[in-house]
Amino acid sequence: MKNIITKLSILSSIIIVVTTSACKKLLYEEPKDAPYEQTFWRNSKDVRSAMAGNYALFRAAITNKSNRYYMYGDAIAKNYFTIQYTGDGLEGIQNGDFTFQYNLNTLANYTLYYKSIAMSNLILQKVGNMTDSQLSTEDDPIEFRKNTLGQAYFLRALSYFMMVRVWGDVPVVTEAYEDPINAPQLPEPQKWK
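Numbering-wise, the sequence shown is residues 7 to 199 according to our numbering.
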């Protein structure tokens with residue numbers, strides 16, 4: 007009987023210790039490899055990573071197969087499409103009319119371009135505020151900053167050019183949002199008739 011009471015008291019002590027102390031490190035653990043505001047935008051390596059990510063976002067926008075942006079080049083050349091479409095809006099593209107009313111909803115999604123624009127805006131804000139000492143690993147920090155800002159302006163302008171070419175007037179966003187989840191929702195392009 008005494009042996010059972012001893013075992014139960016040891017077991018209950020172990021359960022109390024495990025339940026009161028085991029989760030503290032797990033609950034307060036910081037991200038180890040994911041960038042976040044306090045660990046990013048500290049040096050030129052971070053800036054290069056952000057620019058590479060921005061180029062990847064733009065490439066994803068122009069090559070997205072579900073949105074069929076390649077049609078704005080291939081359909082006009084009439085090399086890719088051998089069948090003339092009627093009634094869905096693609097005949098407008100094939101005849102070079104980019105203001106045509108498209109009936110295919112897959113041609114109505116410009117959110118991928120706005121992701122690239124949002125990243126460009128964030129780069130413009132963050133790199134513009136970085137000091138020369140943060141960019142000291144570069145041979146010429148001032149030239150590096152100008153080059154990076156120029157690339158961000160270019161990608162933002164190219165994104166707007168592509169959207170205006172396809173949809174006409176689109177909302178212009180130049181504000182950088184730290185938290186994209188709380189960024190204001192942009193209106194959709196004109197509903198297709």
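All residues carry an ideal CB built from backbone N, CA and C; glycine is no exception.
Item to check | Residue closest to methionine 125, alpha-carbon to alpha-carbon, out of Arg151, Leu161, Asn135 and Pro147 | outcome: It is Leu161.
For this session: Give the secondary structure of asparagine 60 by DSSP, where H, G and I count as helix, E and B as strand, and everything else as coil.
Result: Correct three-state label for asparagine 60: helix.
Which same chain residues, not among the five before or five after leucine 63, have their C-beta less than 6 Å away from its C-beta? Apart from sequence neighbours up to five positions away, the residues of its chain that approach leucine 63 with a beta-carbon distance below 6 Å are Lys121, Ser122 and Met125, ordered along the chain.
What's the C-alpha gap between valine 170 and glutamate 149? Going from the Cα of valine 170 to the Cα of glutamate 149 covers about 31 Å.
Distance, threonine 25 Cα to methionine 57 Cα
Straight-line Cα distance between these residues: approximately 45 Å.
- Could you give the DSSP three-state label for glycine 174: helix, strand or coil? In this structure, glycine 174 counts as coil in the three-state DSSP scheme.
Open item on the list: Along the chain, where does the alpha helix (DSSP H) containing alanine 182 start, and where does it finish?
Closed with: No residue range can be given for alanine 182, since it is assigned to no alpha helix (DSSP H) and is classified by DSSP as neither H nor E.
Would you identify the three-state DSSP class for leucine 155, choosing helix, strand or coil?
Look at leucine 155 here: in three-state DSSP terms it is helix.
Q. For leucine 130 versus alanine 158, is the C-beta spacing smaller than 7 Å?
A. Yes, the pair counts as a contact, with Cβ atoms nearer than the cut-off.
- How should serine 19 be labelled, buried or exposed, when 16 other C-beta atoms within 10 angstroms of its C-beta is the threshold for buried? With fewer than 16 other CB atoms across the displayed protein chains lying within 10 angstroms of its CB, serine 19 is exposed.
Where does glutamate 149 sit, in a helix, a strand or coil, going by DSSP?
-> Of the three classes helix, strand and coil, the one that applies to glutamate 149 here is helix, per DSSP.
Bounding residues of the alpha helix (DSSP H) (the contiguous stretch that carries glutamine 212): Residue 212 lies beyond the stretch modelled for the chain, which goes from 7 to 199, so this question has no answer here.
Can you tell me the Cβ-Cβ gap for threonine 154 and valine 53, rounded? I've got them flagged as a contact below 8 Å.
That belief holds up - the Cβ atoms of threonine 154 and valine 53 are roughly 6 Å apart, short of 8 Å.
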